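Mapping to full-length UniProt numbering: the sequence shown position 8 is 8, numbers consecutive.
All C-beta atoms, glycine included, are put in the ideal place defined by N, C-alpha and C.
Treat the numbers as computed from the prediction; the structure is a model and nothing was measured.
Working notes, structure below.
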Amino acid sequence: MAFSCWCCRESRILSFAGDDPKVHPDPHGGPDADQLRRFSLEELQLATDYFSNENFLARGGFGKVYRGRLEDGSLVAVKRLENEPTPGGALQFQTTTEINMAVHRNILRLRGFCMTASERLLVYPCMTNGSVASHLRERPLSQPALNWPTRKRIALGSARGLSYLHDHCNPKIIHRDVKAANIFLDEEFEAVIGDFGLAILMDYNASHITTDVKVLLRENRLKEMADPDLHGNYIEAEMKQLIQIALLCTRWSPLYRPKMSEVIRLLGGYGLEERWDEWQGMETPDQELRLALQPYYFNFDSTEHLPPIELSGPR
Numbered sequence: 001m002a003f004s005c006w007c008c009r010e011s012r013i014l015s016f017a018g019d020d021p022k023v024h025p026d027p028h029g030g031p032d033a034d035q036l037r038r039f040s041l042e043e044l045q046l047a048t049d050y051f052s053n054e055n056f057l058a059r060g061g062f063g064k065v066y067r068g069r070l071e072d073g074s075l076v077a078v079k080r081l082e083n084e085p086t087p088g089g090a091l092q093f094q095t096t097t098e099i100n101m102a103v104h105r106n107i108l109r110l111r112g113f114c115m116t117a118s119e120r121l122l123v124y125p126c127m128t129n130g131s132v133a134s135h136l137r138e139r140p141l142s143q144p145a146l147n148w149p150t151r152k153r154i155a156l157g158s159a160r161g162l163s164y165l166h167d168h169c170n171p172k173i174i175h176r177d178v179k180a181a182n183i184f185l186d187e188e189f190e191a192v193i194g195d196f197g198l199a200i201l202m203d204y205n206a207s208h209i210t211t212d213v214k215v216l217l218r219e220n221r222l223k224e225m226a227d228p229d230l231h232g233n234y235i236e237a238e239m240k241q242l243i244q245i246a247l248l249c250t251r252w253s254p255l256y257r258p259k260m261s262e263v264i265r266l267l268g269g270y271g272l273e274e275r276w277d278e279w280q281g282m283e284t285p286d287q288e289l290r291l292a293l294q295p296y297y298f299n300f301d302s303t304e305h306l307p308p309i310e311l312s313g314p315r
């Protein structure tokens, strides 16, 4: 799903609410907000064996990620931003270091950074179990598939992290690039949301078609939507509920999508039936679009559309 744009300015100060019950000191070994460590380039060169191919993990939107081992023995992931001083790369570096102030069980915290005349590097705790994508699309045959209870816990943890960003930060932080590759798994397979910098340059016009899923759900063809690696080892009622929640989160207009705080309740089984019935009461997708456009006084027959920040925005 698409998310609305959020930008940091150098003069903007982020503040974080303390009433979220899931906010507590970083379990992944990250420092407090005022103890963000500034690494020397030599430290990170030694940790990654001078950014060797053997330590290469992945390529991101603005650079490469390497595995590293610090002098104290701890494992880290070092993101080396591209050398070219692109506006996007500079904004990612600034945004990510400022978001470091967020402390939440389901948010990947920055451990430190390095900035020289020619290098910009970000240092994160190394997530021992990789990303959700690595368990879904890149899983070797020798590795067991994620079981159903673990997948449910990952969904709930992701929702809690997003709810914290949306509801407990000032200004609100909108990730806009939440996908399986950006949800990491710690040693307990708890979901940890990371990679905040790419959100700035996301394509507003990107969209995803959910019509096929709606048809399959209406015809109760759950097996065709379930991951084959589960081999049918899931609870059908829970699978149906998760699909319903996913469809509610991808409704045409962001005005009618549930907030992440509501998604947490829906995942807990509270209010989903009423929310789903409300959506089914809409006569057609066109009616939903018409209702969404009313506050903007647009002519429904016009070729104009909602502003991208509204069209792709979360709740």
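From the DSSP output, which residues share a beta bridge with residue i?
i: leucine 193; result: It should be noted that the sequence gives isoleucine, not leucine, for residue 193. Its beta-bridge partners are Ile107 and Ile183.
i: lysine 240; result: According to DSSP, lysine 240 bridges with nothing at all.
i: alanine 58; result: Val65
i: phenylalanine 113; result: Arg38 and Leu122
Classify residue i as helix, strand or coil using the three-state DSSP reduction.
i: leucine 122; result: strand
i: alanine 77; result: strand
i: serine 131; result: strand
i: residue 358; result: Outside the shown range of the chain (1 to 315) lies residue 358, about which nothing can therefore be said.
i: phenylalanine 51; result: coil
i: proline 140; result: coil
i: serine 253; result: coil
i: lysine 259; result: coil
i: residue 316; result: The structure shown has nothing for residue 316, since the chain only spans 1 to 315.
i: tyrosine 270; result: coil
i: glycine 161; result: helix
i: leucine 247; result: helix
i: glutamate 43; result: helix
i: leucine 146; result: coil
i: glutamate 278; result: helix
i: aspartate 227; result: coil
Using the C-alpha atoms, what's the distance from residue j back to residue i?
i: lysine 223; j: glycine 232; result: 8 angstroms
i: glutamate 273; j: tryptophan 279; result: 10 angstroms
i: leucine 242; j: leucine 41; result: 45 angstroms
i: isoleucine 309; j: leucine 110; result: Reliability fails at isoleucine 309, whose pLDDT of 38 lies under 50, so the model's placement of it is uncertain and the value that follows must be treated cautiously. Answer to the nearest angstrom: the Cα atoms are 27 angstroms apart.
i: arginine 176; j: tyrosine 66; result: 24 angstroms
i: leucine 266; j: leucine 230; result: 23 angstroms
i: serine 131; j: alanine 180; result: 7 angstroms
i: aspartate 167; j: methionine 239; result: 27 angstroms
i: residue 321; j: proline 258; result: The chain is shown from 1 up to 315; residue 321 falls before or after that span and cannot be answered.
i: isoleucine 154; j: aspartate 195; result: 17 angstroms
i: proline 21; j: arginine 251; result: Because proline 21 sits at a pLDDT of 42, beneath the cut-off of 50, its placement in the model cannot be relied upon, and the following sentence gives the value as read from the coordinates. One C-alpha to the other measures close to 29 angstroms.
i: leucine 136; j: leucine 156; result: 17 angstroms
i: tyrosine 256; j: glycine 271; result: 15 angstroms
i: leucine 185; j: aspartate 277; result: 34 angstroms
i: methionine 260; j: methionine 115; result: 35 angstroms
i: asparagine 147; j: proline 228; result: 12 angstroms
i: threonine 128; j: glutamate 188; result: 9 angstroms
i: tyrosine 50; j: phenylalanine 56; result: 11 angstroms
i: isoleucine 173; j: glutamine 94; result: 14 angstroms
i: lysine 152; j: glycine 269; result: 12 angstroms
Tell me whether residue i is buried or exposed, calling it buried when 16 or more other Cβ atoms sit within 10 Å of its Cβ.
i: alanine 117; result: exposed
i: isoleucine 245; result: buried
i: proline 149; result: exposed
i: alanine 237; result: exposed
i: proline 144; result: exposed
i: proline 171; result: exposed
i: asparagine 220; result: exposed
i: proline 140; result: exposed
i: valine 263; result: buried
i: glutamate 190; result: buried
i: valine 178; result: buried
(request) Answer yes if the segment 122 to 133 comes into contact with the segment 71 to 82, meaning at least three C-beta pairs across the two stretches below 8 angstroms, and no otherwise. (result) yes
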